[in-house]
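Colleague: Would you mind keeping the following structure in view while I ask a few things?
Chains as they are written, first to last, in the working numbering: chain A, 267 to 759; chain B, 355 to 450.
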C-alpha cells in the first residue's frame, strides 16, 4: 500500500483531505508490523488494540474539525518511555514484568496531539549500546542488506525505532540519545533523527541511563517530519528539574529557511586518521551542497574532541551505576530470592542485567569509589568543561557544524565485538555534542560501496535547533536520498 | 594501572552484583582493564583551574516548594512489587 511510503507531512494532508482515514492508515501499519516484525524484531511489544482506539479517536476528532497536530499518525515508541498500563522493559530482563502506572511526559504529549502507538520499540538494554545487540529481547535487524547477505545491526540504542521507520512499519518514532543513540541508528538505517538541546524535551518517565546526557528526540523519514514531531515532544515540564523553561519555536518553518549566508564550521579534529575514503567523500559532498546554496564554509577547531569518548565512558557509566541502583528486586521488576537482603540484591542484579550493563555499572562504581573519584570522575567532568568551551568558542564564529555521523556504515552482528572499546568507537563523532548538550541531527546523505546508507551530522548552538533544521533540510534536498531498504512494507521479504 | 581479581570482586560487591568466579570474573577483569586502559589518555590533559561540568548545561537546579505534591495511591505504587505485605514492600528478614 502506497500510504506506507508517505511522510508524516504528506499523510497529515491526506488525512485532512479525507483521502485516507486514520483507522485505515493504522490498519495498514498493523498489517505491515505483523508481516515484517518477525524478520526485524523492531518491536518488543505490539499494541495494536491501543493503536486502533487512538486511530478511531483521531478520526472522530478530525470529523469534528478538532484534529490535533498529529491526529492519526502511527508511531513506534522506544521501550524506554514509560507507557501507562503497557509493559515497559528498557530492553532488560530485570524490567520484564514492569507495567508503569504512569505515562512519560514526551509520549503523553504525542498522544495528546493524536499520535497512534503501534508498539514499544526494541533497544539496547537500558539504552547502553550501539548495535541493539544487548537487548534481552533479541537484536533488532537492519532492514538494509549488503551483498554478502550478513544480518546487519540497525545501530543503537534506538535500533528498533530506526528499523521500524526505515522499513515503513511506523511513520516515525521516539528515540533517546545519550551519546549518539538517535543519530547513529538513524544513519545506519537511512533515516533522519535529531537529538535536541539538553533540556528541550522532558526526561520524566524515560527510564534513566545517564541523566546529564539523556535526551529524547524524534526519528522519521524526512527532516521536516522530525521537526513536526519535535515541536510536539518539546516544552517545559516541572516534573523534570533540568527541563528548559523556553518557548518552543516553529521548527517546521525553519526547514524552509534560505541558508544563504549561514556560517558552517568544519571541525578539523573530526578528520580522524584512517577515516574511510567514502565517508570523507560524502562529507566533502555535504560541504559542496551547502556552498552551492550560499552557505559560507569555515574550518574550525574543537581541540578536545579526541578526549570525548574517554570522558563519556567515565561520566555515563558513573551516572548509570547510580541510576541503576534502584533495580534491587524490591519495588518492581524481577526478583531472585536470597538467604538475606544483600544476597537478594546481588542475585537479582546478576540474573537481571546483561553483560554490557554489568560492565558499565562496574566501571561507574569503580570511578566513583573512594580513592578514584578525583582521578577519574572529577577529571572527566573537568575535561567535559573544556569540550563545552570548545563548542562555545566555535559557535562564536559559525552557526552550525557539519561532520559525518558515524565512522562507518552498519556492521554485521559479530563484527566490532572483539572488545568493548572497539564497539564504543562507533560513537566517536556523536559523543562530543552530547557532552556539550548541544542539538545535533543526522540526515541520510548517500550510500557506501556496499549500498548501505551513510548520514551527515549537523550540530547547532544550545537551543538553536532551527539552524540545525535549516541546514539539515538543505542537505536533504541536495542529497535527494531515495534509496530504499531491502526489507520494507510492500516489498517481498 | 590495572585491576586485579580482588579489586574486581570488591567492585562487584559495591555494585551489588553477584559474580561467578570461574567464568565472569576473569572476563570482566579483562574488559574493565581494556576500558580503563582506554580512558588513561585523559591523564595528559591539563585541567588546572578548570571547573568540573556536571550537567548537560551550565544551569542551576530549579527549586520547588518543599511540600507534598503527589501520592496517596498505594495500590498503584505496589502493583509492581515482587512481594508485599499489606501496604508494604516485603523483603527477607533483616533484623533477628
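Every residue gets a Cβ at the ideal spot worked out from N, C-alpha and C, and that includes glycine.
What does the alpha-carbon distance come out to for the pair residue 700 of chain A and residue 650 of chain A?
Modeller: Approximately 10 Å between the Cα atoms of the pair.
Colleague: Of the residues A/514, A/360, A/524, A/467, which one's Cα is nearest the Cα of residue 506 of chain A?
Modeller: Closest option to residue 506 of chain A, Cα to Cα, is A/467.
Colleague: How long is the line joining the alpha carbons of residue 638 of chain A and residue 416 of chain A, rounded to whole angstroms?
Modeller: Each residue's alpha carbon lies about 43 Å from the other.
Colleague: Any chance the stretch 457 to 472 of chain A sits against the stretch 719 to 736 of chain A, with 3 or more Cβ pairs inside 8 Å?
Modeller: Yes, the stretch 457 to 472 of chain A is in contact with the stretch 719 to 736 of chain A.
Colleague: At a CB-CB cut-off below 8 Å, which residues of chain B make contact with residue 628 of chain A?
Modeller: Under the 8 Å cutoff, chain B gives 362, 365, 366, 369, 371, 382, 386.
Colleague: With residue 630 of chain A as the anchor, note down where its alpha helix (DSSP H) starts and where it stops.
Modeller: Residues 621 to 633.
Colleague: Would you check if the distance between the CB atom of residue 373 of chain A and the CB atom of residue 442 of chain A is smaller than 8 Å?
Modeller: Going by C-beta atoms, residue 373 of chain A is not nearer than 8 Å to residue 442 of chain A.
Colleague: Would you say the stretch 416 to 432 of chain A touches the stretch 667 to 685 of chain A, given that touching needs at least three Cβ pairs under 8 Å?
Modeller: They touch, by the three-pair rule.
Colleague: Would you say residue 420 of chain A and residue 406 of chain A are within 8 Å of each other, going by their C-beta atoms?
Modeller: Yes, the pair counts as a contact, with Cβ atoms nearer than the cut-off.
Colleague: What residue does the alpha helix (DSSP H) around residue 648 of chain A start on, and which one ends it?
Modeller: Start and end: 645 to 660.
Colleague: Report, in whole angstroms, the separation of the C-beta atoms of residue 502 of chain A and residue 493 of chain A, which I expect to be a contact under 8 Å.
Modeller: Contact doesn't hold; Cβ gap of about 19 Å is too wide.
Colleague: Taking the beta strand (DSSP E) that residue 461 of chain A falls in, what are its first and last residues?
Modeller: Counting along the chain, the beta strand (DSSP E) containing residue 461 of chain A begins and ends at 458 to 461.
Colleague: I'd like to check one pair, residue 409 of chain A with residue 751 of chain A: are the Cβ atoms closer than 8 Å?
Modeller: It is a contact, given that the beta carbons lie within the stated cut-off.
Colleague: Less than 8 Å between the beta carbons of residue 709 of chain A and residue 474 of chain A, yes or no?
Modeller: For residue 709 of chain A and residue 474 of chain A, no; Cβs fall outside 8 Å.
Colleague: Does chain A have any CB closer than 8 Å to the CB of residue 379 of chain B?
Modeller: No, its Cβ sits nowhere closer than 8 Å to a Cβ of chain A.
Colleague: Which value, in whole angstroms, describes the spacing of the CA atoms of residue 775 of chain A and residue 690 of chain A?
Modeller: The structure shown has nothing for residue 775 of chain A, since chain A only spans 267 to 759.
Colleague: Name the chain A residues that come within less than 7 Å of residue 443 of chain B, Cβ to Cβ?
Modeller: Per Cβ cutoff of 7 Å: 596, 597.
Colleague: DSSP beta-bridge partners for residue 442 of chain A?
Modeller: DSSP output for residue 442 of chain A lists A/482 as bridge partner(s).
Colleague: Report the rounded CA-to-CA distance for residue 296 of chain A versus residue 442 of chain B, giving the unit in angstroms.
Modeller: Between residue 296 of chain A and residue 442 of chain B, the C-alpha separation is close to 41 Å.
Colleague: Report buried or exposed for residue 688 of chain A, applying the criterion of at least 16 other Cβ atoms within 10 angstroms of its Cβ.
Modeller: Exposed, because fewer than 16 other Cβ atoms sit within 10 Å of the Cβ of residue 688 of chain A.
Colleague: When burial is assigned at 16 or more other CB atoms within 10 Å of the CB, is residue 513 of chain A buried or exposed?
Modeller: Exposed is the call here.
Colleague: Going straight from the alpha carbon of residue 721 of chain A to that of residue 530 of chain A, what length do you get?
Modeller: Those two C-alpha atoms are separated by around 17 Å.
Colleague: Buried or exposed: where does residue 427 of chain B fall if 16 or more other Cβ atoms within 10 Å of its Cβ makes it buried?
Modeller: By the neighbour-count rule (16 or more Cβ atoms within 10 Å), residue 427 of chain B is not buried but exposed.
Colleague: Look at the Cβ atom of residue 584 of chain A, then the Cβ atom of residue 643 of chain A, and state whether they are nearer than 8 Å.
Modeller: For residue 584 of chain A and residue 643 of chain A, yes; Cβs fall inside 8 Å.
Colleague: Taking residue 569 of chain A as the reference, give the member of A/390, A/693, A/657, A/454 with the closest Cα.
Modeller: It is A/657 whose Cα lies nearest to the Cα of residue 569 of chain A.
Colleague: Cα separation between residue 309 of chain A and residue 706 of chain A?
Modeller: So the two alpha carbons sit approximately 26 Å from each other.
Colleague: Expressed to the nearest angstrom, what Euclidean distance is found between the alpha-carbon atoms of residue 365 of chain A and residue 564 of chain A?
Modeller: Their Cα atoms are separated by approximately 51 Å.
Colleague: With which residues is residue 467 of chain A paired in a DSSP beta bridge?
Modeller: Residue 467 of chain A is bridged to A/500.
Colleague: Taking only beta-carbon atoms, is residue 455 of chain B less than 8 Å away from chain A?
Modeller: Residue 455 of chain B cannot be examined here, being either before or after the span of chain B that is shown, 355 to 450.
Colleague: Check residue 392 of chain A in the structure and name its three-state DSSP category.
Modeller: Of the three classes helix, strand and coil, the one that applies to residue 392 of chain A here is helix, per DSSP.
Colleague: According to DSSP, is residue 438 of chain B helix, strand or coil?
Modeller: Of the three classes helix, strand and coil, the one that applies to residue 438 of chain B here is strand, per DSSP.
Colleague: With a cut-off of 8 Å, do at least 3 Cβ pairs link the stretch 387 to 407 of chain A to the stretch 281 to 298 of chain A?
Modeller: Cβ pair count under 8 Å is below three, so no.
Colleague: When burial is assigned at 16 or more other CB atoms within 10 Å of the CB, is residue 365 of chain B buried or exposed?
Modeller: Buried is the call here.
Colleague: For the stretch 523 to 547 of chain A, list every residue whose C-beta sits within 8 Å of some C-beta in chain C, in sequence order.
Modeller: Absent from the structure is chain C; the protein chains it does hold are A and B.
Colleague: Quick one: grab the DSSP three-state call for residue 565 of chain A.
Modeller: Three-state DSSP puts residue 565 of chain A in a strand.
Colleague: When burial is assigned at 16 or more other CB atoms within 10 Å of the CB, is residue 270 of chain A buried or exposed?
Modeller: Residue 270 of chain A should be labelled buried.
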